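Data block below; observations after.
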Amino acid sequence: MHKCMKCDGPTKGYKCDVCGEESASHDPNHEHGSDHCMPRCQECKEAEADCRC
Numbered sequence: 017m018h019k020c021m022k023c024d025g026p027t028k029g030y031k032c033d034v035c036g037e038e039s040a041s042h043d044p045n046h047e048h049g050s051d052h053c054m055p056r057c058q059e060c061k062e063a064e065a066d067c068r069c
């Protein structure tokens, strides 16, 4: 399991930090680029770059 890079908590699914689109798995062809489709923090439900924990 991946850990959130900001709070070190667990992640669940993936979320784009630009548009907020969520997916169960990493989307390498996401419209904002693969780098923006990142793990979603399980606690605050945000992309790990935007984690508020």
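All residue numbers for the sequence shown refer to this note's numbering, where the first residue is 17 and numbers rise by one. Note that CB positions come from ideal geometry on N, CA and C, so glycine has one too. As the structure is a prediction and not an experimental result, all values here were calculated from the model.
Nearest to residue i (by Cα), restricted to the options the options
i: Met54; options: Arg68, Lys28 and Cys32; result: Cys32
i: Gly49; options: Ala40, Cys57, Cys35 and Glu62; result: Cys35
i: Glu38; options: His52, Pro26 and Gly25; result: His52
According to DSSP, residues forming a beta bridge with residue i
i: Met54; result: Lys31
i: Ser39; result: Tyr30
i: Ala63; result: Arg56
i: Lys19; result: Pro26
Own chain residues within Cβ distance below 7 Å of residue i, not counting five before or after
i: Cys60; result: Cys67, Arg68 and Cys69
i: Met21; result: Glu64
Cβ-Cβ separation, residue j to residue i (assumed contact under 8 Å), whole Å
i: Gly25; j: Ala40; result: Wrong, their Cβ atoms sit about 19 Å apart, outside the cutoff.
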